[in-house]
Amino acid sequence: MSAKQIIIFISFICNLASCQTKNKECTILEFKALNENEDEQYFKIFQNSHSLSIMLNHRCHRTICDSLYYIHLTPRTDTLYVYNYSRHHAVTIALNKIPKYPIDHVYYHNHDSIFLFYKREIMCKYFPDIHIDFILMNDKGQLINQYSLDSVPYIYKGQLQKMLFQTPALINENRIVDGHLLIPFSIYLPQTYDDEFYDFQPKLLCAYNLSNKSLRMLNVKFPEQEIGKRYGEDCITNHIYMEYDENKKNLLINFPHQPTLYRYDFTLDSLLPIQCTYDYTFTNTLFASHSEIDPMDVEFEEPKWCRQMQCYVRKIYIDNYKNHEQKLILQLLDSNFNHMAYSLGTANYETPYLMNNQLISVNIKNKLPYNIQFTKNIKTLSWEKLEADYFKEYIKKGKRSMSMEKYLKKLHIPRNSLVVIINLKYPCGNCLNYLFGEMKNNVEDYKKACIYYILYNNDPSSDFGETLINNYGLSSYHLVKIDKYLLQNVYNDDILDYQYHLIEYGDTVKIYKCDFEEFIPLFQKIEKEKLNN
Numbered sequence: 005m006s007a008k009q010i011i012i013f014i015s016f017i018c019n020l021a022s023c024q025t026k027n028k029e030c031t032i033l034e035f036k037a038l039n040e041n042e043d044e045q046y047f048k049i050f051q052n053s054h055s056l057s058i059m060l061n062h063r064c065h066r067t068i069c070d071s072l073y074y075i076h077l078t079p080r081t082d083t084l085y086v087y088n089y090s091r092h093h094a095v096t097i098a099l100n101k102i103p104k105y106p107i108d109h110v111y112y113h114n115h116d117s118i119f120l121f122y123k124r125e126i127m128c129k130y131f132p133d134i135h136i137d138f139i140l141m142n143d144k145g146q147l148i149n150q151y152s153l154d155s156v157p158y159i160y161k162g163q164l165q166k167m168l169f170q171t172p173a174l175i176n177e178n179r180i181v182d183g184h185l186l187i188p189f190s191i192y193l194p195q196t197y198d199d200e201f202y203d204f205q206p207k208l209l210c211a212y213n214l215s216n217k218s219l220r221m222l223n224v225k226f227p228e229q230e231i232g233k234r235y236g237e238d239c240i241t242n243h244i245y246m247e248y249d250e251n252k253k254n255l256l257i258n259f260p261h262q263p264t265l266y267r268y269d270f271t272l273d274s275l276l277p278i279q280c281t282y283d284y285t286f287t288n289t290l291f292a293s294h295s296e297i298d299p300m301d302v303e304f305e306e307p308k309w310c311r312q313m314q315c316y317v318r319k320i321y322i323d324n325y326k327n328h329e330q331k332l333i334l335q336l337l338d339s340n341f342n343h344m345a346y347s348l349g350t351a352n353y354e355t356p357y358l359m360n361n362q363l364i365s366v367n368i369k370n371k372l373p374y375n376i377q378f379t380k381n382i383k384t385l386s387w388e389k390l391e392a393d394y395f396k397e398y399i400k401k402g403k404r405s406m407s408m409e410k411y412l413k414k415l416h417i418p419r420n421s422l423v424v425i426i427n428l429k430y431p432c433g434n435c436l437n438y439l440f441g442e443m444k445n446n447v448e449d450y451k452k453a454c455i456y457y458i459l460y461n462n463d464p465s466s467d468f469g470e471t472l473i474n475n476y477g478l479s480s481y482h483l484v485k486i487d488k489y490l491l492q493n494v495y496n497d498d499i500l501d502y503q504y505h506l507i508e509y510g511d512t513v514k515i516y517k518c519d520f521e522e523f524i525p526l527f528q529k530i531e532k533e534k535l536n537n
C-alpha cells in the first residue's frame, strides 16, 4: 500500500472514530521496521566520536539545496562542526576570529551566513558597555557584522519582572524572511497565570532588519483566552514553536501547552488560528483540578512535513502522569492539519521520529536505527488499554531512610554552607548556563563563602554531571558534587521531582523546594547575603 493510499485509509477510519475522544479513546497506527538506516548510524558515530557541547541550544539542523546539515558547537564553544548528514562528512570552523563572549545558541542560515547569539544576561552583568547580542560570520569564521537587541521591549537589562529573553531553541527552519531575521522570545516574569500578566502581554516574535539594524515586534502574543490558567509544574507556556507548511510559504506557530496551531499573516500582522480537526486525548491538566483527577503535563512540538508519508508529523511529550516515565508520542496530521492517528513504540521499537524526511525507529535491544513503514493496521484503544500497553511505570523506591543533614555530611559539605540541589531529570540549558556561569565567574568567592551545587541524576550510566563540571572548568574546585542514588533515601518521589532545592545548612537545615522561576530570585537574595558576609 502506497503512502497516499495509507493516508486516505487513515482519514476514512478516523472520520468514523471522530467522537471517540470524548470517551478518552484514540486511534493508533501500527508500523513495521524495514532495513537499518545507514545515514542515522553514521550520524550517531559522528556524535559519539567527537567532543560536542551537551547544551541543546548549541546545535541546529539546516537543509541547504536538499542536503541536511547538522551544526554543533564544541564544549568550549571555540569550534563549530558542520556535518553533512548524507555524505557522512564533517568540516570544522574555528571561532578564533570573532568576539570572545559566551555563546548561547547558533543559527546556520547557509554556508556564508552563520549567526551566533551571545548570552545576554552575562553580557549585561560583566560587559555592560558592549552592546552585542548576536553576530554574523562566514564559513571561514570571519566576522561580517554584529547586532544589538537593546531596543526590544522588555528585553533583559538586569530586571526580572516584565522581562523577555531569547528562546534558546534547536533551530531547524528558515529564519530569514525578506531580509528580516525572525527572533522568538520567551516570557520570564510575570507568568502567564499571574494577574499581572494581563497588563503585560508582550509580543514574542521580532523581525530584525539585517540591512539597517532596525527591528519591529510582530503581533504574536500568548493567547488571551489562556491568560490566568495555571497548569502543572512542567507545562510550558512561556514561548512559541515555529515551522513552515509543506509549501514553505506560510509560517506556522504554536504554543507548547496546547494542540492549537496558528498561521502568521505577514501582510495583516496577525496570528490566525487554523481551523481543523484537533484531538484532545492528551491535554494539560489545570492546577486547580490536580486533586480531583490524575494530572498530566503535555508538550506539543511544531508539526513537520513528511514527504515520505505526505502528511505532517508532530512530537507530543507526556510528563508527570501518575508514576509513569516520560512518554513520546508521534501524531499524524493530514495536509490540512486534521488529526488522523497516533503512533507509539512497541515491545521491540521506540516511538518513530522524523529525520531528513525519513521515518526512523530505534530497536530497543540493539539500539540501531531502522527505517519504518506504517501499515494499514489501525487499533482503537480505550484509555485504560492505552495506559496498560504503552505507559511504563517508574521503579518504586523505598521509604525515606536518611536525614538531609546526614546526606550533606556524606557528600562532605561543611556546615554554614549554601547548597543548591539540581535535578538533572529536567536539564534546562538556560538554567544550567546561568548557575554554572555564576559559579565560574565567582569561583573564588563561592569557595570562601561555601556555596555548593549537587547534581542529582539517578541514571548510573549517565556522565552528564561530569561533562558539565569539565565544560565549565570547575573540576579542581570540588564545589560541585554528583549524586546518583543517595537523594532518593532522603526524599520520596514527589519531592524528588522538584527541579531545585535551595538549602541553608547551619546549626539547622532550612530547605526551599522550588521551580526555576521561584528559585532564581531566592537564590540571588541568599547568594548576595552569603557573599557579603
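This note's numbering numbers the first residue of the sequence shown as 5 and each following residue consecutively.
C-beta atoms are modelled at their ideal positions from N, C-alpha and C, and glycine is treated no differently.
A quick note: this is a predicted structure, and the numbers were derived from the prediction, not measured.
Please confirm whether H115 and D143 have their CB atoms less than 9 Å apart.
-> Within the sequence shown, numbered from 1, the residue matching residue 115 stands at position 111. Within the sequence shown, numbered from 1, the residue matching residue 143 stands at position 139. For H115 and D143, yes; Cβs fall inside 9 Å.
So I257 and L275 are in contact, right, with Cβ under 8 Å, and what is the actual spacing, rounded?
-> For the purposes of this step, residue 257 is taken as residue 253 along the sequence shown, with counting starting at 1. For the purposes of this step, residue 275 is taken as residue 271 along the sequence shown, with counting starting at 1. Yes, they are in contact, since the Cβ atoms of I257 and L275 sit about 6 Å apart, within 8 Å.
Close beta carbons around I515, own chain, < 7 Å, minus the five adjacent residues each side | Along the sequence shown, read from residue 1 onward, the residue named residue 515 stands at position 511. Hits under 7 Å: M408, H505, I507.
Please report how far the alpha carbon of Y160 lies from the alpha carbon of L168, in whole angstroms.
-> As a working note, residue 160 is residue 156 in the sequence shown. As a working note, residue 168 is residue 164 in the sequence shown. Roughly 6 Å between the two C-alpha positions.
One or two residues paired with E250 in a DSSP bridge | On the sequence shown, position 246 is the one that residue 250 refers to. None; E250 has no bridge partner.
Excluding the 5 residues preceding and the 5 following N2 in the sequence, name in chain order all residues of the same chain whose CB lies nearer than 7 Å to its CB.
-> Residue 2 is absent from the structure shown; the chain starts at 5 and stops at 537.
Just the Cα atoms here: how many angstroms apart are F556 and H184?
-> Residue 556 lies beyond the stretch modelled for the chain, which goes from 5 to 537, so this question has no answer here.
Tell me which same chain residues have a C-beta within less than 7 Å of the C-beta of Y122, skipping the five on either side of it?
-> Within the sequence shown, the letter at position 118 stands for residue 122. Excluding residues within five positions, the ones whose Cβ falls inside 7 Å are Y105, P106, I107, D108, I136, D137, F138.
Could you name the residues of the same chain whose beta carbon sits closer than 6 Å to that of G263, not counting the 5 residues immediately before and after it, in chain order?
-> Position 259 of the sequence shown, counted from the start, is the residue given in the question as residue 263. The amino acid occupying residue 263 in the given sequence is Pro; Gly does not appear at that position. Contacts found: Y282, F304.
How about P79 and I49: do their beta carbons lie closer than 9 Å?
-> Here the question's residue 79 lines up with position 75 in the sequence shown. Here the question's residue 49 lines up with position 45 in the sequence shown. Contact flag unset, no.
Could you check what DSSP says for I368 in three-state terms: helix, strand or coil?
-> Along the sequence shown, one-based indexing puts residue 368 at 364. Residue state, collapsed to three classes: coil.
Buried or exposed (CB count within 10 angstroms, at least 16 for buried), G469 | On the sequence shown, position 465 is the one that residue 469 refers to. By the 10 Å Cβ count, G469 comes out buried.
Since L472 is in the alpha helix (DSSP H), which residue starts that stretch and which ends it?
-> Position 468 of the sequence shown holds residue 472. It spans 468-475 - the alpha helix (DSSP H) in which L472 sits, taken as one unbroken run.
Output the boundary residues of the alpha helix (DSSP H) element that contains Q528.
-> Within the sequence shown, residue 528 is the residue found at index 524, counting from 1. Segment 520-536, the alpha helix (DSSP H) holding Q528.
When DSSP labels each residue in this structure, what does A173 get in the three-state scheme?
-> The residue given as residue 173 occupies position 169 in the sequence shown. The answer is coil: DSSP assigns A173 none of H, G, I, E or B.
So what does L72 bridge to, in DSSP terms?
-> On the sequence shown, residue 72 is found 68 positions in, with the first residue counted as 1. The partner list for L72 (beta bridge, DSSP) reads T67.
For the beta strand (DSSP E) holding Q221, just list the boundary residues, first then last.
-> For the purposes of this step, residue 221 is taken as the residue at position 217 of the sequence shown. Per the sequence presented here, residue 221 reads as Met, with Gln not at that position. 219-222 is the span of the beta strand (DSSP E), which, as asked, contains M221.
Using the C-alpha atoms, what's the distance from K252 back to L147?
-> Here the question's residue 147 lines up with position 143 in the sequence shown. Here the question's residue 252 lines up with position 248 in the sequence shown. Between L147 and K252, the C-alpha separation is close to 30 Å.
In whole angstroms, what separates the C-alpha of G402 from that of K488?
-> Within the sequence shown, residue 402 is the residue found at index 398, counting from 1. Within the sequence shown, residue 488 is the residue found at index 484, counting from 1. Confidence is the limiting factor: at G402 the pLDDT is only 48, short of 50, which leaves the residue's position unreliable, though a coordinate-based value still follows. The straight-line gap from Cα to Cα measures roughly 15 Å.
Where M127 sits in the DSSP three-state scheme | For this step, residue 127 is matched to residue 123 along the sequence shown. Three-state DSSP puts M127 in a helix.
Alpha-carbon to alpha-carbon, F286 and D301 | Numbered from 1 along the sequence shown, position 297 holds the residue referred to as residue 301. Numbered from 1 along the sequence shown, position 282 holds the residue referred to as residue 286. If I take the Cα positions, the gap works out to 9 Å.
Helix, strand or coil at Q150 [DSSP, three-state] = Locating residue 150 in the sequence shown gives position 146, where the first residue counts as 1. Strand.
May I ask you to list the residues that DSSP assigns as paired with I97?
-> Here residue 97 refers to the residue found at position 93 of the sequence shown. DSSP, once it has assigned bridges, lists L84 as partnering I97.
In whole angstroms, what separates the C-alpha of N88 from that of L372?
-> Residue 88 sits at position 84 when you count from the first residue of the sequence shown. Residue 372 sits at position 368 when you count from the first residue of the sequence shown. Their Cα atoms are separated by approximately 20 Å.
Which one of K383, F378, I278, A392 has the shortest CA to CA distance from H328?
-> Against the sequence shown, residue 328 aligns to sequence position 324. Measuring from the Cα of H328, the nearest candidate turns out to be A392.
Could you tell me the distance, in whole angstroms, from the CA atom of Q51 to the CA atom of D463?
-> Here residue 51 corresponds to residue number 47 of the sequence shown, with the count starting at 1. Here residue 463 corresponds to residue number 459 of the sequence shown, with the count starting at 1. One C-alpha to the other measures close to 20 Å.
Quick one: any contact between the region 231-247 and the region 210-219, if contact means 3 or more CB pairs under 8 Å?
-> no
Enumerate in chain order the residues of its own chain whose CB-to-CB distance from R66 is below 6 Å, with the five nearest sequence positions on each side excluded.
-> Position 62 of the sequence shown, counted from the first residue, corresponds to residue 66. Hits under 6 Å: Y73, Y112.
DSSP on E237, reduced to helix/strand/coil?
-> On the sequence shown, position 233 is the one that residue 237 refers to. It is coil, neither helix nor strand.
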